[in-house]
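Below: the structure, in structure tokens.
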Amino acid sequence: MALYSHFLVFYFFFLSSVLCQVTEFISIDCGSTSNYTDPRTGLQWISDNGIMNYGKSVEVKNPDGKFVQYQRRRDFSIDNKKYCYNLSTKERRRYIVRATFQYGSLENEDSFPKFELYLDATKWSTVTILEDSRVYVKEMIIRAPSSSIDVCICCATTGSPFISTVELRPLNLSMYATDFEDSFFLKLAARVNFGAPTEDALRYPDDPYDRIWDSDLIKRQNFLVGVAPGTVRINTSENIDIQTREYPPVKVMQTAVVGKEGTLSYRLNLEDFPANARAYAYFAEIEDLGANETRKFKLMMNPYMSDYSNAVVNIAENANGSYRLYEPSYMNVSLDFVLSFSFVKTRDSTQGPLLNAIEISKYLKIGSKTDDQDVAVLDVFRSMSTRSSWTNEGGDPCVPAQWEWVNCSSTTPPRITKIELSGKKLEGEIPPEINSMEELTELWLDGNFLTGSLPDISHLVNLKVVHLENNKLSGSLPKYLGSLPTLRELYIQNNSFSGQIPPALLTGKVIINYENNPGLHKDAAKKLHYKLILGTSISVLAVLLVLLLGSLIYLRNLQRKTSHQKSNGQGSSLLTSTKPSTAYSIGRGWHLVDDGVSYYISFSELEEATNNFSKKIGKGSFGTVYYGQMKDGKEVAVKIMADSSSHLTHQFVTEVALLSRIHHRNLVPLIGFCEEGHQRILVYEYMHNGTLRDHIHGSDNQKRLDWLTRLQIAEDAAKGLEYLHTGCNPSIIHRDVKTSNILLDINMRAKVSDFGLSRQAEDDLTHISSVARGTVGYLDPEYYANQQLTEKSDVYSFGVVLLELISGKKPVSTEDFGAEMNIVHWARALIRKGDVASIVDNVLIENAKIESIWRIAEVAIQCVQQRAVSRPRMQEVILAIQEASKIEKGSDGNQKIYGSGSSRGQSSRKTLLTSFLEIESPDLSNGCLVPAAR
């Protein structure tokens, strides 16, 4: 009876605390036109009208019909500003902060949005919309650093930034406390309810803290794949005692999965990993076991984490009985992008392993906000002009985007370097606290209604420019102004200053304008001295300028004369002719005759260099390629055009024109050209190791590229393409990216070649071509269908190259894929099933890490999306390749890839559960979280 009374006391205490929690919930429906109660949850939602003064409310096409809050969204302008929702908090209390995004169907073929999400100055996530019907949920657990926080979106790279909801949920007691919360937030990576009855997520009121528990039945790419045979779903209606640290909902603990054949295994991707994480598993025995039945299991054995496999989970024993919660955890563990975890029953167990739920969060370093003293001064300035819209800018003044009227340093923490408030209707006196802004270099307060005297600014040792003109300031100018070490400009005209100007301001070191200050005076002799110095300086500068211009004109004329003589000595050339047919335009208003080209090499020189074209090293659609060596010893590849058809002549002119003006370490350099009679010849730097195609699809003796070498080649080629797309103006679209056009130098570094089909992009980054050109297997299907050429066409082709690097297979092969398939269809089907091992080249089996392969497989499938708007940019592809290289180079025991028949292929170097060892506090001396255990 006493125990029952104790339980009732706890229950009413828990109930009252939960009801108190709900009244503190903040639920903002962004874009909604009115407040309402959600019929599914009973929660009160408020419109952001009056909360957010920017953007516009937009009706969502094909919203998630289950939730009222996704019927509208708030869209913002594509600019350099940030747009923030300010949420009131209690300092040092823990909260769940959640932002959700549902875009709906595209309109007018617009791109899906991609933009940044911040919490205060901490980069929370890059929001990338790839599916119109999916609700993207971003969630963090924080300990509030102050009395309010800001949820901000900004920095769109495609589409308009938008948001659907902003939510704040207070937590109770010590839930989600960590030793590291002064320096790190917890960003949710996965929260999964195993054995869920439907695909619907579970949240409030079933979870009184309104956590969202995803169903393990959700169908999403690489979400809980690799399920072990014999996995079954169980449930109970019995109550579960959840009185442990994190209080997972009873409804979540009433369902589970069981490995009837002795094993439970899953694999899922973790966004923004590898990273340090906090990982929890939740267990409750919900089957009534017999007297002689036991359920014991442990982690799958990993040779690199052998200590962790010693812990045996016995739920009933660990939880002190059935229908009670047990929640072992890692408080600080390093996890990879691909998380594989397995539980295996022990030999003395009669029942297979059981799992109710998991929860994984990434430690996210808290970003530095702008210096508090600087922010306090800015707040005073904002209070001096309450009627102006510029005072409404939210969030941190510097991060992630600066307010329009300030400039910031790149230091930690950021400091204000410039205040620009010209003509902003400021009233009152300049705040004396400004003297604490020690990094301030420019102060623009002109054209306002400022009164009073100039405050002490003697500590502003970096101040260079001061604009105080056209105000109502009075008093004297302090003498220290002349001794400010960096002051160069001082404008105080049209005020009421009085007294003598400090002599140090009149030496010529500082440009000063003090007109229309009737009470202000200075020494006359010094005025004359100043003018004399200024006049002399201007005269000297004028003479030097005349001499410099004369020298430049002389050198320019000499250069033109030399070029003219050289051209006349070599005879006429296709590339120097002024006939319209040969002055081929490859960009708006630009002709070959107007730009410099690679130097001319005579046919006789090439005959000598190639020993009469005796050593053939390649052949393509353009013509035959020969090896040569110039007189200076430089090795070259000499490409002779097969015929003089207009199409090939077009390619010849294009390639010479482009390669003459673009230079990058990952593009094959054009050394020269020859055009004599009917001969059209291009001369390149010789690439000793041939083409990437030779090494991937050549003989067994050639096929020796390890995974790290393949990644390096991919990164080199991607950087070459990225330069064409972003480093050239206008940008250049290659149009024929393939393994045979990626060449390898003597050090196996890759360079992109063959620009005969390339086009310069128009200003809108699109080009309508009458004929889709390229190579079968690599050709962008969207470009082929509508002849609309974009940089994303190169991205598609490069995605095919990445699939070749992973698989070692050709893009089109009836032997490998049949008549109806190609490498894209084949790889996409396997990767979507989570079976990356089946596409890996045999050469890489047991010699590459599965996490690294997965990272490239992921980005490759993104590159070959049917629609161009869903493909990444080359910059993003490069980052993914670099991530994969980092994973592959790691010396921490990552699991290698095994054949698809091996059970080891389903494991990973990291496991989910704790080793039940005591966890040490992390080393934060370098501002990063280092995993530790003893």
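As numbered in mature numbering (1 follows the signal peptide of the UniProt record, and there is no 0), residues -20 to -1, 1 to 914 make up the sequence shown, in order. Note that beta-carbon positions come from the ideal geometry of N, C-alpha and C, so glycine has one too.
Counting along the chain, E469 sits inside no alpha helix (DSSP H); it lies in the beta strand (DSSP E) bounded by residues E469 to Y471. For V48, the three-state secondary structure derived from DSSP is helix. D796: member of the alpha helix (DSSP H) spanning T794 to F797, first to last residue. Inter-residue distance for S144 and G30 is about 16 Å (C-alpha atoms, whole angstroms). For E702, the number of other beta carbons within 10 angstroms of its own is at least 16, and it is reported as buried. Where M233 is concerned, there is no enclosing beta strand (DSSP E), although the alpha helix (DSSP H) around it starts and stops at V230 to M233. Contact check for D328 against T392 fails: the beta carbons are separated by 8 Å or more.
With a cutoff of 8 Å on beta-carbon distance, Y310 and A264 are scored as not near each other. DSSP places K595 in the coil class of the three-state scheme, outside both helix and strand. The C-beta of L423 has 16 or more other C-beta atoms within 10 Å across all chains shown, which makes the residue buried.
In this structure, C843 lies near F778, with their beta-carbon atoms less than 8 Å apart.
Ranked by Cα distance from I198, the first of V115, G210 and D190 is V115. Counting other Cβ atoms within 10 Å of its Cβ, I726 stays below 16 and is therefore classed as exposed. Less than 8 Å divides the Cβ of I121 from the Cβ of S341. The DSSP-derived three-state label of E409 is strand.
Sequence-distant partners of T590 (beyond 5 residues in either direction) whose C-beta falls short of 6 Å from its own C-beta, in its chain, are Y606, G608 and V618. Within the segment 827 to 857, the complete alpha helix (DSSP H) runs of at least 4 residues fall at 830 to 843. Between the alpha carbons of L425 and K118 lies a distance of about 41 Å.
Only residues of its own chain outside the window of five on either side were considered, and among them Q234 have a CB closer than 8 Å to the CB of S217, listed in chain order. Between the alpha carbons of I491 and E469 lies a distance of about 5 Å. Non-local beta-carbon contacts of D221 in its own chain, meaning distances under 6 Å to residues more than five positions away in sequence, involve R304 in chain order. Annotation for Y98: W104, C132 and P380 place their beta carbon closer than 6 Å to its own, counting only its chain and skipping 5 residues before and after. A contact is defined here as three or more CB-CB pairs under 8 Å, and the segment 771 to 786 meets this definition with respect to the segment 830 to 849. Counting only the Cα atoms, T397 lies some 26 Å from G455.
The C-beta separation of G432 from L461 comes to about 17 Å, leaving the pair out of contact by the 8 Å criterion. CA-to-CA, the gap between L859 and N256 works out to about 19 Å. Under the three-state reduction of DSSP, F81 is assigned to strand. Non-local beta-carbon contacts of K231 in its own chain, meaning distances under 7 Å to residues more than five positions away in sequence, involve L182 and D186 in chain order. Under the DSSP definition of a beta bridge, R258 partners with S341.
DSSP places F277 in the uninterrupted beta strand (DSSP E) bounded by K276 to L279.
Judged by beta-carbon spacing, Q659 lies beyond the 8 Å limit of I597, meaning their Cβ atoms are not closer than that value. Bounds of the alpha helix (DSSP H) holding L688 are W687 to E702.
Counted as a single uninterrupted DSSP element, the beta strand (DSSP E) harbouring Q24 occupies residues Q24 to S27. Using a Cβ distance threshold of 8 Å, P852 and V732 do not count as a contacting pair. Contact between G332 and A236 does not hold, since their C-beta atoms are separated by about 11 Å, which reaches or exceeds 8 Å.
Going by DSSP, D130 is part of the beta strand (DSSP E) stretching over S128 to T138.
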